[in-house]
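Asks: With my numbering applied, the sequence shown corresponds to residues 242 to 571, in that order.
Cβ atoms here follow ideal geometry from the backbone N, Cα and C, with glycine treated the same way.
One structure is given below, represented as structure tokens, and several questions about it will come after.
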Amino acid sequence: MASNHRNGKALVSVVVPVFNEEAIVPVFHQRTSRVLCGIENSDYEIVYVDDGSRDTSYEKLSELASTDPRVRVLKFSRNFGHQIAITAGVDEADGDCVVVIDSDLQDPPEVIPEMVQQWRAGFDVVYGVRSERDGESAMKLMTASLFYRLLGRLTNVQIPANVGDFRLMSRRVVDKLKLLREKDRFVRGLVSWVGFRQTGVTYHREARHAGETKYPMAKMMKFAFDGITSFSTAPLKLATWIGYLAAILAVIYLISVFVQRALGYTVEGWATIMVAMLFLGSVQLICLGILGEYLGRIFNEVKPRPMYIIEEELGDRASRGDRPSRLEAS
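In structure tokens form, the structure reads like this:
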């Protein structure tokens with residue numbers, strides 16, 4: 242296990258994406274700092290990423306950076322999204338291991354020491370497995386379970402069920418993850434794709450401490466579709482099979498028309514034609530929509546735009562001990 246510190250202590254970096262969490266930030270920081278201080282033979286830093294918050298979250302983070310030398314704050318120029326905020330924090334973290342955790346306190350920071358223990362035992366990725374999930378509707382639990390089952394069947398990347406972005410990654414996993422610069426991010430899938438030794442720790446997921454969820458149903462559906470299309474071409478194959486099915490139904494209907502004519506039945510035709518046209522039109526639109534999703538991803542990837550823009554950065558690496566600068570470390 243390598244160490245960035247010259248005094249031999251391992252550095253634990255904690256990456257925290259923040260978006261409109263003014264009511265939670267102070268409580269989260271106090272609770273997380275207390276946990277991190279208790280991890281033996283280690284130092285820590287907390288990298289907050291303000292994802293274009295419209296409340297006073299950034300002001301509260303600025304106060305933390307001015308009073309705690311272990312705090313760094315990255316302020317995005319606008320809202321780039323939760324997965325991009327995680328990416329930016331991981332890019333900037335200097336730790337021998339990097340923990341990703343949301344600031345809403347649904348994922349308890351008290352689990353971090355157990356993750357560090359598993360990392361010291363030789364695991365490169367330690368993800369949190371939710372045994373119970375307070376404050377979440379039956380519909381959300383059902384759709385989440387369905388999504389992970391579907392994802393497992395459609396892709397060759399095994400992403401554990403009941404697992405979010407709360408996880409610890411070793412430095413070598415982080416270095417490999419930083420090489421993956423695709424813009425439509427599905428971080429938990431990318432970490433699974435990287436590989437190395439991975440294990441889970443079970444915890445009780447609590448209800449949100451304050452504020453509102455940043456993932457309503459519509460956003461969750463988009464996130465799920467991003468995950469599937471990032472790691473599978475199955476939707477494209479589905480479009481092909483839908484076309485085959487429509488062709489088979491057309492042939493079956495054509496046979497039925499000849500049978501009815503042979504039996505002397507009168508076929509009016511208007512309603513039948515309209516139904517057939519609407520059905521085939523719907524199939525074509527579905528297939529075009531699927532193709533459009535993949536073409537849109539190609540369009541996003543080929544544009545040479547940066548993944549995110551940092552407007553302001555608070556906190557100084559040099560103020561947190563005797564670690565070498567990033568240029569020296571590289």
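Evaluate the contact criterion for the stretch 353-361 versus the stretch 308-316: three or more CB pairs, one atom per stretch, below 8 angstroms.
Replies: Because the criterion of three Cβ pairs below 8 angstroms is not met, the stretch 353-361 and the stretch 308-316 do not touch.
Asks: Taking one C-beta from the stretch 289-309 and one from the stretch 517-534 each time, how about it: are there three or more such pairs within less than 8 angstroms?
Replies: No, the stretch 289-309 is not in contact with the stretch 517-534.
Asks: Considering only C-alpha positions, which residue in the set Leu-277, Ser-254, Ala-329 is nearest to Glu-553?
Replies: Position 312 of the sequence shown, counting from 1, holds the residue named residue 553. Looking at the Cα atoms, Ala-329 is the closest of the given residues.
Asks: State whether the stretch 256-273 contacts the stretch 287-306, with contact taken as three or more CB pairs (one from each stretch) at a distance under 8 angstroms.
Replies: Enough Cβ pairs lie closer than 8 angstroms, so yes.
Asks: Within the same chain, show all residues whose beta-carbon is closer than 6 angstroms to that of Tyr-368, passing over the 5 residues directly before and after it, in chain order.
Replies: By 1-based counting over the sequence shown, the position of residue 368 is 127. So the list reads Val-404, Arg-408, Gly-441, once near-sequence residues are dropped.
Asks: According to DSSP, simplified to helix, strand and coil, what is Val-398?
Replies: Locating residue 398 in the sequence shown gives position 157, where the first residue counts as 1. Coil at Val-398, not helix or strand.
Asks: Have a look at Phe-520 and Ile-493 and give me their C-alpha separation to the nearest angstrom.
Replies: What you label residue 520 is simply residue 279 of the sequence shown in a count that begins at 1. What you label residue 493 is simply residue 252 of the sequence shown in a count that begins at 1. Distance between the alpha carbons of Phe-520 and Ile-493: 14 angstroms.
Asks: Report all residues from its chain with a CB closer than 6 angstroms to the CB of Val-428; omit the five preceding and five following residues, and keep chain order.
Replies: Counting from one through the sequence shown, the residue named residue 428 turns up at place 187. Within the same chain, Val-428 has close Cβ partners Gln-324, Ile-327, Asp-406.
Asks: What does Glu-373 pair with, by DSSP beta-bridge criteria?
Replies: Position 132 of the sequence shown, counting from 1, holds the residue named residue 373. Glu-373 pairs with His-445.
Asks: Does the beta-carbon of Ser-411 have 16 or more other beta-carbons within 10 angstroms, so that it is buried, or is it exposed?
Replies: Taking the first residue of the sequence shown as 1, we reach residue 411 at position 170. The residue is buried, with at least 16 neighbouring Cβ atoms inside 10 Å.
Asks: Counting only the same chain and skipping the five closest in sequence on each side, list residues whose C-beta sits under 6 angstroms from that of Thr-443.
Replies: As a position in the sequence shown, residue 443 is number 202, starting the count at 1. Cβ neighbours of Thr-443 beyond the five flanking positions: Val-370, Ser-372.
Asks: Can you tell me which of the three DSSP states Ser-411 falls into?
Replies: Taking the sequence shown and counting its residues from 1, the one referred to as residue 411 is at position 170. Strand at Ser-411.
Asks: Is the CB-CB distance between Val-398 and Leu-418 below 7 angstroms?
Replies: Stepping through the sequence shown from its first residue, residue 398 is reached at position 157. Stepping through the sequence shown from its first residue, residue 418 is reached at position 177. Cβ atoms of Val-398 and Leu-418: not closer than 7 angstroms.
Asks: Residue range of the alpha helix (DSSP H) that Phe-269 falls in?
Replies: Within the sequence shown, the letter at position 28 stands for residue 269. Residues 266-278.
Asks: For Asp-292, does the three-state DSSP call read helix, strand or coil?
Replies: Taking the first residue of the sequence shown as 1, we reach residue 292 at position 51. DSSP places Asp-292 in coil when its eight states are reduced to three.
Asks: Cutting at 6 angstroms between CB atoms, please list the residues of its own chain near His-270, excluding the five before and the five after it.
Replies: Residue 270 sits at position 29 when you count from the first residue of the sequence shown. Around His-270: Leu-305.
Asks: Excluding sequence positions up to five away, which residues of its chain have a Cβ less than 8 angstroms from the Cβ of Val-414?
Replies: Taking the first residue of the sequence shown as 1, we reach residue 414 at position 173. Taken in chain order, the residues that qualify are Asp-365, Val-366, Val-432, Val-435, Phe-437.
Asks: Around the Cβ of Pro-545, are there at least 16 other Cβ atoms within 10 angstroms (buried) or fewer (exposed)?
Replies: Translated into positions along the sequence shown, residue 545 becomes position 304. Classification of Pro-545: exposed, given that the 10 Å Cβ count is below 16.
Asks: Quick check on Ile-550: does DSSP put it in helix, strand or coil?
Replies: Translated into the one-based positions of the sequence shown, residue 550 becomes position 309. Three-state DSSP puts Ile-550 in coil, outside helix and strand.
Asks: Between the Cα of Asp-335 and those of Asp-284, Asp-291, Glu-351, Gly-363, spot the shortest distance and give me the residue it belongs to.
Replies: What you label residue 335 is simply residue 94 of the sequence shown in a count that begins at 1. Taking only the C-alpha atoms, the option nearest Asp-335 is Asp-284.
Asks: According to DSSP, is Gln-347 part of a helix, a strand, or is it coil?
Replies: Looking up residue 347 in the sequence shown gives position 106. The answer is coil: DSSP assigns Gln-347 none of H, G, I, E or B.
Asks: Between which residues of its own chain and Lys-250 is the CB-CB distance below 8 angstroms, once the five residues before and five after are set aside?
Replies: For the purposes of this step, residue 250 is taken as residue 9 along the sequence shown, with counting starting at 1. Same-chain partners within the cutoff: Ser-244, Asn-282, Ser-283, Asp-284.
Asks: Distance check for Tyr-535 and Val-543, CA to CA, integer angstroms please.
Replies: Against the sequence shown, residue 543 aligns to sequence position 302. Against the sequence shown, residue 535 aligns to sequence position 294. About 13 angstroms.
Asks: Which residue from Asp-557, Tyr-549, Leu-420, Ile-483 puts its Cα closest to that of Arg-319?
Replies: Along the sequence shown, one-based indexing puts residue 319 at 78. Residue Tyr-549 is the option with its Cα nearest to Arg-319.
Asks: Out of Ser-294, Arg-272, Met-518, Val-288, which has the shortest C-alpha to C-alpha gap to Cys-338?
Replies: For the purposes of this step, residue 338 is identified with residue 97 of the sequence shown, where counting begins at 1. Minimum Cα distance to Cys-338 is reached at Val-288.
Asks: State buried or exposed for Arg-446, treating a residue as buried only when at least 16 other CB atoms are found within 10 Å of its CB.
Replies: Within the sequence shown, numbered from 1, the residue matching residue 446 stands at position 205. Looking at its Cβ environment, which holds 16 or more other Cβ atoms inside 10 Å, Arg-446 is buried.
Asks: Please go through the same chain and pick out, in chain order, the residues whose beta-carbon is closer than 6 angstroms to the beta-carbon of Val-340, but skip the five residues on each side of it.
Replies: On the sequence shown, position 99 is the one that residue 340 refers to. The answer, listed in chain order, is Val-255, Ile-353, Leu-409.
Asks: Count the other C-beta atoms from every protein chain shown that fall within 10 angstroms of the C-beta of Asp-292, then say buried if there are 16 or more, exposed otherwise.
Replies: As a position in the sequence shown, residue 292 is number 51, starting the count at 1. Looking at its Cβ environment, which holds 16 or more other Cβ atoms inside 10 Å, Asp-292 is buried.
Asks: Can you find the residues in the same chain that come closer than 6 angstroms, C-beta to C-beta, to Ser-294, ignoring five residues on each side of it along the sequence?
Replies: For the purposes of this step, residue 294 is taken as residue 53 along the sequence shown, with counting starting at 1. Phe-260, Asn-261.
Asks: I need the straight-line Cα distance from Gln-359 to Gln-439, nearest angstrom please.
Replies: What you label residue 359 is simply residue 118 of the sequence shown in a count that begins at 1. What you label residue 439 is simply residue 198 of the sequence shown in a count that begins at 1. About 10 angstroms.
Asks: Just to check my reading of the structure: Val-257 and Ile-342 have Cβ atoms closer than 8 angstroms, yes? What is that Cβ distance to the nearest angstrom?
Replies: Taking the first residue of the sequence shown as 1, we reach residue 257 at position 16. Taking the first residue of the sequence shown as 1, we reach residue 342 at position 101. Indeed, because the Cβ distance is near 6 angstroms, the residues count as touching under 8 angstroms.
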